[in-house]
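Contents: one structure, followed by commentary.
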Amino acid sequence: MADIIKESDGPQPEASDGFDPTLLPDYDDDFVNEPDFAEFEKALQAPETSPSTEDLTASPPEEPKFITALNDWRPVHQRVKRRKRSKKPPRRGKDETREGVFYEVLKYPLLLLVFGWLAFLSVSYVLTRFYIYAYERAVSWRGRRQQLRRQLQEAKSYEDWIKGAKQLDTHLGNDQWKAKPDYAYYDSKTIHRVHQQMARLRQKAEDEEKQKGSGQHKAAEELRSLLEACIKNNFAGFENPRLYSETYYGTKDLLQAFIDESERSLSFLLTSSQLDQESKRSMFKQLSTNFGRTALCLSGGATFAYYHFGVAKALMDAGLMPEVITGTSGGALVAALLGTRTDDELKKLLIPALAHRITACHDSFWVWFKRWRLTGARFECVDWARRCAWFTRGSMTFKEAYQRTGRILNVSCVPSDPHSPTILANYLTAPDCVIWSAVIASAAVPGVLNPVVLMKKNKEGTLSPYSFGHKWKDGSLRTDIPLKALNLHFNVRFSIVSQVNPHINIFFFSSRGTVGRPVTHRRGRGWRGGFIGSALEQYIKLDLNKWLKVLRHLELLPRPLGQDWSEIWLQRFRGTITIWPKTIPSDFRYILTDPTPERLARMIRVGASSSYPKLKFVENRAKLEHVIQQGRRQFRPRSGHDGGLVSVLSEDDLQTLLKRSKNEGEDATPYPLSASESSSSAGPSRPGTPFDLPLGFSFSTKQKKAPTRLTTSPPQGSTGAIPSSPSLSKRLSGWWSSLSPRDANASTALDKPRARPRNAASISPPSASPHATFRPNSMIELRPSQHQLQPGSGSMSPSRVGSLFREIRRQSRVFVDDSDDDDDALAGFGDAGKRYEGGDDPIEGVDAGAEEYVGDDEDDGEHEGDVQAVGTGLGLEGTAVE
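All residue numbers for the sequence shown refer to the working numbering, where the first residue is 123 and numbers rise by one.
Here it is as structure tokens:
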């Protein structure tokens, strides 16, 4: 059950302590750093750079002024006649999609026709909603039912609301519905079987846990497999909102027992000693991926956004505040407060006295009207930034907020360029971005606030423009609820949306009830307003949506203030749970006015009471998610962020290296560090692999045929294994060395043993240098012509090419070092070592690419002719290439 203990939740909205501003944490600290806002003002005044500019950080140069005279005897400033401009319009317009004869002729008649039909549909929709309202009052809410409903609406705390909800469920007969397991919107039979098996395995595993030393862990392993199979997002429909829309509090008894048993089983495996740490880490990682996370999404809506404080307070008091929080426009200000304060601070901040800190609309009418007439915006950006700094604890970045509170703050921003994509700023996408700049940008509605520049914090602590100084504006214009981005970045599968946008409030209507608010007509088995009323509401709303899409796709809708306003109606505004605080008509009067403590107290109370019906659904979801996230954090390997091993290698690589160190002394073929770098081959799973592969696959590789080579003794420290085949670069080096001159009188680095063909047996002298050969400076080399060789000797004439050729070869060695030691070191890393060997050096990259092309274990014979053909094309007819 959610935490309903109120001793540590701070003052209540109705209490006298809630109106004392001195009780607010950091009330006397404005968190204003003047140099930061000076940089912000400088960035706003700078001209916006074009994407085609070579240096996007530099200001565009001013256009030069050309001053000239007709001749040397006339004055410079002489009045001349202007050339007659051609009245012929250009053949190509800027907006190609708005051209055409029929478009120009039919645009305004079609626009007037669609607007007239939309007005008729809007009036019809309002009348339909009035009919449904009157029908419910006349049919549903009467007698004892109406008394219990009024008592439920007047509840001042979550405990009082639960008592009233249970009484109303009992009166309406919903308790019998809870006791009956069958329901069409979830698989009750599967849930029943899984629940029984889970309880039996957990009890058996607990008995084995008490019998220490028995060595039997079969029940724990089976319980683990069962949990991995059933703890998924909406498994068998157990998270269907319809299951919570038939009662005021709670759901099916079978479903509640399944959720409670799942929590107990997860908690048991979290602390059980029957599973090792690696098994627990793998299990909770899989559960976290399949189950997903929960996010709190706060919509925009000007001063309507202050209802979000009540929603946040209800979640905070119940201990159900999600870790992922996103906000847009006015909701971004509330989200910034939640993302930069700890739980203890928030319980003292979410009180009516917070209104003393909300002073963004302090200007008088004549001041803001003059500003709006001159700049086109009612509010001033720098002034808003200073007043917003208190909510974000100064120039705190998204990364710093995450490190301070552990909550993931997200703010939606829309670029002023209509063709650029939106951004969801958080500690992953924009870690160094300053939060107050993102909040101001997300609230920059055209006509209210001009587009602003996002700011980032440098390593020195100073601020500078973010994203080349481009301008950003209100996120509600395109993505009020960024569910796709949240799912992409943080695997969000469950969303709690607090929606207060006034322009779409009337269109939210659930004909079959919503979570915690069932249809009371015919005891939950009917439709709101009867079937006729619900059918009319659904048809008119869909028709409105259709004609709005027609306006958007045909580009008939005007663009006041240079903004396409169609998306404010056609985007997604719902979530898994949607909370709609009940507004009053006076909220529209104060839509751009700072709230008083009394008005804020009412908003907090209404926002909290509107969240009470949803808390049971959120609580059941949070039960499982909290245990999964606890196991995820407890068994996650330490990384460079918390002082552990720097995360250069992946977790699987580290586990592989650990197991390889335990298997020292075994004659095992090296395998790649990660599974992604391996090419599977048939055969049994060899010892030392990080995991067993199914269907007979393993990481074992075939040994390539090594050339026959006689050596006096194996190198010191080697195991005596047959060396691997030399790379293509070494073969080219051997060919190059075979053609090199040998000058007995020269004491240069070229005096090295001449390499023999790789299939020829030879005895290497003990004093031979490991660097006996080197690579050519290019894959394309010219062979010496026959007249350059001395007859009978097979060597080049030093008088013709000696000094020049030796100098080229000597300088090429500066850039290439073909050390056998380096090759042996990289060979231990398998394919990863080959890719590392062909890194930044273009010659090594070509050699490594050719080596991968030749060095596949099973394709030696298949591509042999192809490589020989390549060698022939390069003039290497005499080179032995395998």
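Built from N, CA and C at the ideal position, the CB exists for glycine as well.
Within the same chain, Cβ atoms closer than 8 Å to the Cβ of D304 are found at S310, the five residues on either side in sequence being excluded. Pairing Y225 with S688, the inter-Cα distance amounts to about 19 Å. Per DSSP, the continuous alpha helix (DSSP H) segment holding R259 begins and ends at V223 to V261.
V446 counts as buried, since no fewer than 16 other beta carbons sit within 10 angstroms of its beta carbon. Secondary structure note for M518: it is in no alpha helix (DSSP H), with a DSSP letter that is neither H nor E.
Per DSSP, reduced to three states, the secondary structure at T411 is helical. Taking each of V261, P133, K229 and D139 in turn and checking the Cα distance to G648, the smallest one comes out for V261. For R615, the enclosing beta strand (DSSP E) covers residues V614 to S620.
Residue pairing by DSSP places S279 in no beta bridge whatsoever.
The three-state reading of DSSP puts T416 in strand, counting E and B together.
The three-state secondary structure of P717, taken from DSSP, is coil. With a contact defined as Cβ atoms closer than 8 Å, Y370 and L290 qualify at about 5 Å.
Contact fails between the segment 350–362 and the segment 624–635, because fewer than three Cβ pairs, one in each stretch, are under 8 Å apart. Within the segment 135–169, the complete alpha helix (DSSP H) runs of at least 4 residues fall at 156–167. Taking all protein chains in view, the Cβ of S347 is surrounded by fewer than 16 other Cβ atoms within 10 Å, so the residue is classified as exposed. Beta-bridge pairing by DSSP links P587 to M577.
A residue is called buried once 16 or more other Cβ atoms fall within 10 Å of its Cβ, and L692, having fewer, is exposed. Annotation: L323 to M405 spans about 17 Å, alpha carbon to alpha carbon.
L377 and I313 have their alpha carbons spaced roughly 7 Å apart. Ranked by Cα distance from V433, the first of P759, R754 and P135 is P135. Per the Cβ contact rule, the segment 243–255 is in contact with the segment 653–663 (3 or more Cβ pairs under 8 Å). Boundaries of the beta strand (DSSP E) harbouring T448: V446 to G449, taken from the DSSP string.
Residue environment: V489 is assigned as exposed (fewer than 16 neighbouring CB atoms within 10 Å of its CB, all protein chains considered). Within the DSSP bridge table, the entry for N532 names T448 as partners. Shown here, R493 sits in a helix according to DSSP, grouped into three states. In the structure shown, W687 adopts coil according to DSSP, grouped into three states. Taking a 10 Å sphere around the C-beta of A137, we find fewer than 16 other C-beta atoms and assign the residue as exposed. Just so you know, the alpha carbons of T527 and L349 end up roughly 31 Å apart. Cβ neighbours of L714 within its own chain (closer than 8 Å, five residues either side excluded): A424, T425, C483, R500 and V570.
If you compare the alpha carbons of A744, V622 and V672 with that of I706, the shortest gap goes to V622. The beta-bridge partner set that DSSP reports for C555 consists of K578. For the pair of segments examined, the segment 568–584 was found not to touch the segment 468–478: the number of CB pairs separated by less than 8 Å stays below three. Contiguous alpha helix (DSSP H) elements confined to the segment 346–430 occur at 375–393 and 399–413, taking only those with 4 or more residues.
Ranked by Cα distance from F141, the options E720, S401 and I603 are led by E720.
For the set N613, H430, W263 and G635, the Cα lying nearest the Cα of T411 is the one of N613. Sequence-distant Cβ neighbours of L409 in its own chain, meaning closer than 6 Å and more than five residues away, are I353 and I750.
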